[in-house]
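Residue numbers (this note's numbering): 2 to 157. A short worksheet on the structure shown next.
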Amino acid sequence: MAGVMVDFSFEHYYAGQGERKPSMVSCITDTDGRNPSSVIGAVRRGLPMRAYALLKDSLHKHDAEMGMLLNIQPRTLSRRKKEARLSPAESDRVVRLARITDAAISLFDDEQEAVAWLDRPLAILDEESPLQRASTDIGAREVENLIGRIEHGVFS
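Shown next as structure tokens:
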């Protein structure tokens, strides 16, 4: 299959699914995304590399950038591609970024605007982008809290 381009974009993967797109979490875990037990089960089994590719393409990132955001070394990422499955810990980090992506899309009601915002360094995050900050669990919670404050008009 050398030379064949596969479109893992969010729009392509769920084209024709009706007016409302399913969440990124539901897309990458092949669950409804609302049932924590099913998402936890998918994470514990390890997500397929398709999940990583879908998130990477939706965020318009290269492997090197995604590796930094997910704390996955290049050699490990190469090995995972051959194995076609992420470890449970890596899967958890992919779901974390997907959750942040879902929250940003909900905030902006526009995927392009959300992705641009996720990449923009913000003073409130010590000049890190929300994606950079979300590379740790504590940082992800901070970004989710920031999104919640923006949604509710609390800017302090």
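Don't be surprised by glycine CBs; every beta carbon is placed ideally from N, CA and C.
Exercise. Taking Gly149 as the reference, give the member of Asp111, Ala124, Ser107 with the closest Cα.
Key: Here residue 149 corresponds to residue number 148 of the sequence shown, with the count starting at 1. The shortest C-alpha separation from Gly149 is found at Ser107.
Exercise. Alpha carbon to alpha carbon, how far is Thr137 from Asp93? Give it in angstroms, no decimals.
Key: Within the sequence shown, residue 93 is the residue found at index 92, counting from 1. Within the sequence shown, residue 137 is the residue found at index 136, counting from 1. Cα to Cα, Asp93 sits roughly 11 Å from Thr137.
Quiz item: If we ignore side chains and look at the alpha-carbon of each, how far apart do Arg45 and Pro89 end up?
Solution: Within the sequence shown, numbered from 1, the residue matching residue 45 stands at position 44. Within the sequence shown, numbered from 1, the residue matching residue 89 stands at position 88. Straight-line Cα distance between these residues: approximately 5 Å.
Quiz item: Is the segment 76-86 touching the segment 110-127, taking contact as three or more C-beta pairs under 8 Å?
Solution: no
Practice problem: Hey, could you find the ends of the alpha helix (DSSP H) Asn146 is sitting in? | Solution: In the sequence shown, the residue the question calls residue 146 occupies position 145. It spans 138-152 - the alpha helix (DSSP H) in which Asn146 sits, taken as one unbroken run.
Practice problem: Check whether the Cβ of Glu66 lies closer than 7 Å to any Cβ atom in chain D. | Solution: The structure shown contains no chain D, having only a single protein chain.
Quiz item: So, is Gln133 buried or exposed, given that buried needs 16 or more other C-beta atoms within 10 angstroms?
Solution: Taking the sequence shown and counting its residues from 1, the one referred to as residue 133 is at position 132. Counting the other CB atoms within 10 Å of its CB gives Gln133 a total of 16 or more, which places it among the buried residues.
Self-check item: alpha helix (DSSP H) runs contained entirely in the segment 24-64, provided each spans 4 or more residues
Solution: 25-30, 37-46, 50-59
Quiz prompt | Assigned secondary structure, Arg94 (DSSP; H/G/I helix, E/B strand, else coil) | solution = Here residue 94 refers to the residue found at position 93 when the sequence shown is read from its first residue. Note: Arg94 maps to helix in three-state DSSP.
Quiz item: Apart from the five residues on each side of it in sequence, which residues of its chain come closer than 7 Å, Cβ to Cβ, to Ala135?
Solution: Taking the sequence shown and counting its residues from 1, one reaches residue 135 at position 134. The answer, listed in chain order, is Arg97, Leu98, Ile101, Ala141, Val144.
Quiz prompt | DSSP three-state assignment for Val155, whether helix, strand or coil | solution = Position 154 of the sequence shown, counted from the start, is the residue given in the question as residue 155. Three-state DSSP puts Val155 in coil, outside helix and strand.
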